[in-house]
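Engineer: Dropping a structure here in structure tokens format, bear with me for questions.
There are 2 protein chains.
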Amino acid sequence: MKQVDEQEALLQLDNQLCFMLYACSRAVTKAYRPKLETLGLTYPQYLVMLVLWEWQRQPPEQASVKALGERLLLDSGTLTPLLKRLEQLGLVERRRAVHDERERVLALTEAGMQLKQQAASVPQTLLCESGVPAEEISRLRQELAQLLARVC
Amino acid sequence: MKQVDEQEALLQLDNQLCFMLYACSRAVTKAYRPKLETLGLTYPQYLVMLVLWEWQRQPPEQASVKALGERLLLDSGTLTPLLKRLEQLGLVERRRAVHDERERVLALTEAGMQLKQQAASVPQTLLCESGVPAEEISRLRQELAQLLARVC
DNA sequence: AGCAATTAAATTGCATACAATCTAATTTTA
DNA sequence: TAAAATTAGATTGTATGCAATTTAATTGCT
Numbered sequence: 001m002k003q004v005d006e007q008e009a010l011l012q013l014d015n016q017l018c019f020m021l022y023a024c025s026r027a028v029t030k031a032y033r034p035k036l037e038t039l040g041l042t043y044p045q046y047l048v049m050l051v052l053w054e055w056q057r058q059p060p061e062q063a064s065v066k067a068l069g070e071r072l073l074l075d076s077g078t079l080t081p082l083l084k085r086l087e088q089l090g091l092v093e094r095r096r097a098v099h100d101e102r103e104r105v106l107a108l109t110e111a112g113m114q115l116k117q118q119a120a121s122v123p124q125t126l127l128c129e130s131g132v133p134a135e136e137i138s139r140l141r142q143e144l145a146q147l148l149a150r151v152c
Numbered sequence: 153m154k155q156v157d158e159q160e161a162l163l164q165l166d167n168q169l170c171f172m173l174y175a176c177s178r179a180v181t182k183a184y185r186p187k188l189e190t191l192g193l194t195y196p197q198y199l200v201m202l203v204l205w206e207w208q209r210q211p212p213e214q215a216s217v218k219a220l221g222e223r224l225l226l227d228s229g230t231l232t233p234l235l236k237r238l239e240q241l242g243l244v245e246r247r248r249a250v251h252d253e254r255e256r257v258l259a260l261t262e263a264g265m266q267l268k269q270q271a272a273s274v275p276q277t278l279l280c281e282s283g284v285p286a287e288e289i290s291r292l293r294q295e296l297a298q299l300l301a302r303v304c
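Residue numbers (the numbering used here), protein chains in the order written: chain A, 1 to 152; chain B, 153 to 304.
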């Protein structure tokens with residue numbers, strides 16, 4: 001009987017870390033949506049732009065799709081069409097690497113660089129609106145980083 | 153200069169709680185995939201089954217798509233096709249409510265109920281394989297539940 | 001009763017995710 | 001060096017998510 005109840009408890013939705021992650025991720029993404037709409041970006045597109053803006057200050061070995069995928073934990077099946085859309089938007093260029101024709105070299109256009117100014121207020125604004133203390137967010141972020149390191 | 157650096161820091165990918173949630177959610181879902189494949193379920197389908205199994209013990213007012221959506225924070229645009237697939241798999245029935253023809257009454261088939269036995273070991277197994285202490289998972293889950301309550 | 005407002009699902013359209021496969025370029029190795 | 005193995009992206013196919021719209025049924029209101 002005890003066994004059954006324990007098993008029962010393990011299957012309860014509210015006891016599942018995975019569901020909380022899944023629900024929180026979608027909820028937070030949804031909170032971003034209105035802000036990102038003013039930038040003309042979806043959430044995954046915004047993440048890609050964050051990385052490309054970072055790369056301006058700290059250039060990676062190769063600004064390739066592979067490097068981007070390693071940073072965001074996404075594969076070319078997701079990134080290729082997404083990057084094509086950013087290219088269509090005039091934010092990103094997708095050239096071929098000279099030293100290796102297989103490789104794409106990703107680069108920001110002037111417009112892509114400019115957009116950073118508008119994006120700068122997004123995290124700040126959401127942080128405030130959420131009403132969650134900054135230190136709580138920071139702590140949670142660190143705990144999730146640890147979890148991610150273990151799971152991946 | 154300080155202003156610029158702070159803004160810079162706020163845009164750093166690793167400083168974004170949202171990215172950690174997004175990455176962790178996908179990573180954990182990926183960890184579930186092989187186990188769920190043996191059940192013939194995707195991860196969202198598994199979540200729906202969790203709710204329906206729960207409803208066997210604690211029936212809701214109405215076992216409707218709406219009630220399911222409130223539990224999982226998903227809308228009919230996602231749930232309708234997903235439920236049709238579960239119906240095709242022979243796990244779920246989608247009848248019409250007698251008292252209100254707009255409403256779908258969701259019910260488990262015999263096979264749907266049986267599947268619970270096989271599913272029972274999934275959370276346990278993953279908990280062990282992850283190597284993350286159970287109490288750490290529990291704490292994180294609670295913190296995320298609080299965050300979810302604030303954001304939603 | 002009769003019609004407007006509301007509501008539950010379904011549908012449509014677009015953008016991810018991701019496994020699996022394919023293609024082309026580069027490396028390795030016999 | 002020439003074929004085999006590897007690698008970077010692209011493509012294909014399936015299943016979400018979700019906003020926006022549509023459809024059908026029910027409620028409210030006069």
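In this text, a Cβ means the ideal position worked out from N, Cα and C, and glycines have one as well.
1. Taking the DSSP output, what are the residues bridged to A/Val92?
2. Can you tell me where the alpha helix (DSSP H) with A/Arg139 in it begins and where it stops?
3. Where does B/Ser216 sit, in a helix, a strand or coil, going by DSSP?
4. Go through its chain and collect everything with a Cβ distance to A/Lys116's Cβ below 6 Å, but skip five positions before and after it.
5. How would you write the range of the alpha helix (DSSP H) that B/Arg305 sits in, first residue to last?
6. Could you tell me the distance, in whole angstroms, from the CA atom of A/Ala67 to the CA atom of A/Val98?
7. Among the candidates A/Leu126, A/Leu36, A/Pro59, A/Ser121, whose CA atom is the shortest distance from the CA of B/Arg305?
8. Helix, strand or coil, according to DSSP, for A/Val98 in the structure here?
9. Would you give the residue range spanned by the alpha helix (DSSP H) that B/Pro196 belongs to?
10. Tell me, please, whether the CB atom of B/Ser228 is closer than 8 Å to any CB atom in chain A?
11. Counting C-beta neighbours from all protein chains within 10 Å, is the total for B/Gly242 16 or more, i.e. buried, or is it exposed?
12. Are the C-beta atoms of A/Ser64 and some chain B residue less than 8 Å apart?
13. Helix, strand or coil, according to DSSP, for A/Asp14 in the structure here?
14. Would you verify that the beta carbon of B/Met172 is, or is not, closer than 8 Å to some beta carbon of chain A?
15. Which chain A residues are close to B/Arg302, counting only those with a beta carbon under 9 Å from its beta carbon?
16. Taking A/Glu143 as the query, report the chain B residues whose CB atoms sit under 7 Å from its CB, ordered along the chain.
17. For A/Leu114, count neighbouring Cβ atoms within 10 angstroms of its own Cβ and tell me buried if that reaches 16, exposed if not.
18. Would B/Asn152 pass as a contact of B/Ala161 if the rule is Cβ separation under 8 Å?
19. For A/Gln58, does the count of other Cβ atoms within 10 angstroms reach 16, so buried, or fall short, so exposed?
20. Using a Cβ-Cβ cutoff of less than 8 Å, which residues in the same chain neighbour A/Glu136 once the five nearest sequence positions on both sides are dropped?
21. For a cutoff of 8 Å on Cβ pairs, would you count A/Ala120 as touching chain B?
22. What residue range is occupied by the uninterrupted alpha helix (DSSP H) comprising A/Leu126?
23. If you drop the 5 nearest sequence neighbours on each side, which residues of the same chain put their C-beta closer than 7 Å to that of A/Glu129?
24. Which same chain residues, not among the five before or five after B/Ala215, have their C-beta less than 7 Å away from its C-beta?
25. One question on the structure: do A/Gly69 and A/Leu79 come within less than 8 Å of each other, judged by their Cβ atoms?
26. Is A/Val48 closer than 8 Å to A/Leu86 when the C-beta atoms are compared?
27. For A/Glu87, name the three-state secondary structure that DSSP assigns.
28. From B/Arg248, B/Leu202, B/Glu255, pick the residue whose C-alpha is nearest to that of B/Gln270; which is it?
29. One question on the structure: do B/Leu163 and B/Phe171 come within less than 8 Å of each other, judged by their Cβ atoms?
30. Return the residue from the list B/Gly264, B/Pro285, B/Leu299, B/Leu173 that minimises the CA-CA distance to A/Pro44.
Structural biologist: Checking against the coordinates, here is how it stands:
1. The residue given as residue 92 of chain A occupies position 92 in the first sequence. DSSP output for A/Val92 lists A/Leu108 as bridge partner(s).
2. One-based indexing of the first sequence puts residue 139 of chain A at position 139. Residues 134–151.
3. The residue labelled residue 216 of chain B in the question sits at position 64 within the second sequence. Note: B/Ser216 maps to coil in three-state DSSP.
4. The residue given as residue 116 of chain A occupies position 116 in the first sequence. Cβ neighbours of A/Lys116 beyond the five flanking positions: Trp53.
5. Chain B is shown from 153 up to 304; residue 305 of chain B falls before or after that span and cannot be answered.
6. Along the first sequence, read from residue 1 onward, the residue named residue 67 of chain A stands at position 67. Along the first sequence, read from residue 1 onward, the residue named residue 98 of chain A stands at position 98. Spanning the two alpha carbons is a distance of roughly 17 Å.
7. There is simply no residue 305 of chain B to check, as chain B begins at 153 and stops at 304 in what is shown.
8. Position 98 of the first sequence, counting from 1, holds the residue named residue 98 of chain A. Secondary structure at A/Val98: coil, using DSSP grouped into helix, strand and coil.
9. The residue you call residue 196 of chain B lines up with position 44 of the second sequence. For B/Pro196, the enclosing alpha helix (DSSP H) begins and ends at 195–209.
10. Locating residue 228 of chain B in the second sequence gives position 76, counting from the first residue. No, because no Cβ of chain A sits closer than 8 Å to the Cβ of B/Ser228.
11. Translated into positions along the second sequence, residue 242 of chain B becomes position 90. It is exposed - the Cβ of B/Gly242 has fewer than 16 other Cβ atoms within 10 Å.
12. Indexing the first sequence from 1 puts residue 64 of chain A at position 64. Not a single CB atom of chain B sits nearer than 8 Å to the CB of A/Ser64.
13. Counting from one through the first sequence, the residue named residue 14 of chain A turns up at place 14. Shown here, A/Asp14 sits in a helix according to DSSP, grouped into three states.
14. Within the second sequence, the letter at position 20 stands for residue 172 of chain B. Interface residue, yes.
15. Position 150 of the second sequence holds residue 302 of chain B. Ordered by position in chain A, the residues that pass the 9 Å Cβ test against B/Arg302 are Ser130, Gly131, Val132.
16. Working through the first sequence from its first residue, we reach residue 143 of chain A at position 143. Within 7 Å Cβ-Cβ: Leu292.
17. Taking the first sequence and counting its residues from 1, the one referred to as residue 114 of chain A is at position 114. Before going on, a small fix: residue 114 of chain A reads as Gln here, not Leu. Answer is exposed; the Cβ neighbour count stays below 16.
18. There is no way to answer for residue 152 of chain B, as the model of chain B reaches only from 153 to 304.
19. Mapped onto the first sequence, residue 58 of chain A falls at position 58. Classification of A/Gln58: exposed, given that the 10 Å Cβ count is below 16.
20. The count along the first sequence starts at 1 and reaches residue 136 of chain A at position 136. No residues qualify anywhere along the chain.
21. Counted from its first residue, the first sequence places residue 120 of chain A at position 120. Closer than 8 Å: yes.
22. Against the first sequence, residue 126 of chain A aligns to sequence position 126. Run containing A/Leu126: 121–130, per the alpha helix (DSSP H) assignment.
23. As a working mapping, residue 129 of chain A is identified with position 129 in the first sequence. Nothing meets the Cβ criterion.
24. Along the second sequence, read from residue 1 onward, the residue named residue 215 of chain B stands at position 63. Closer than 7 Å at the Cβ level, and outside the excluded window around B/Ala215, lie Trp207, Val257, Leu258, Ala259.
25. As a working mapping, residue 69 of chain A is identified with position 69 in the first sequence. As a working mapping, residue 79 of chain A is identified with position 79 in the first sequence. For A/Gly69 and A/Leu79, yes; Cβs fall inside 8 Å.
26. Your numbering for residue 86 of chain A matches position 86 in the first sequence. Your numbering for residue 48 of chain A matches position 48 in the first sequence. Cβ atoms of A/Leu86 and A/Val48: closer than 8 Å.
27. For the purposes of this step, residue 87 of chain A is identified with residue 87 of the first sequence, where counting begins at 1. Three-state DSSP puts A/Glu87 in a helix.
28. Translated into the one-based positions of the second sequence, residue 270 of chain B becomes position 118. The option with the nearest alpha carbon to B/Gln270 is B/Leu202.
29. Stepping through the second sequence from its first residue, residue 163 of chain B is reached at position 11. Stepping through the second sequence from its first residue, residue 171 of chain B is reached at position 19. For B/Leu163 and B/Phe171, no; Cβs fall outside 8 Å.
30. Indexing the first sequence from 1 puts residue 44 of chain A at position 44. If we check each option's Cα against that of A/Pro44, B/Leu173 comes out closest.
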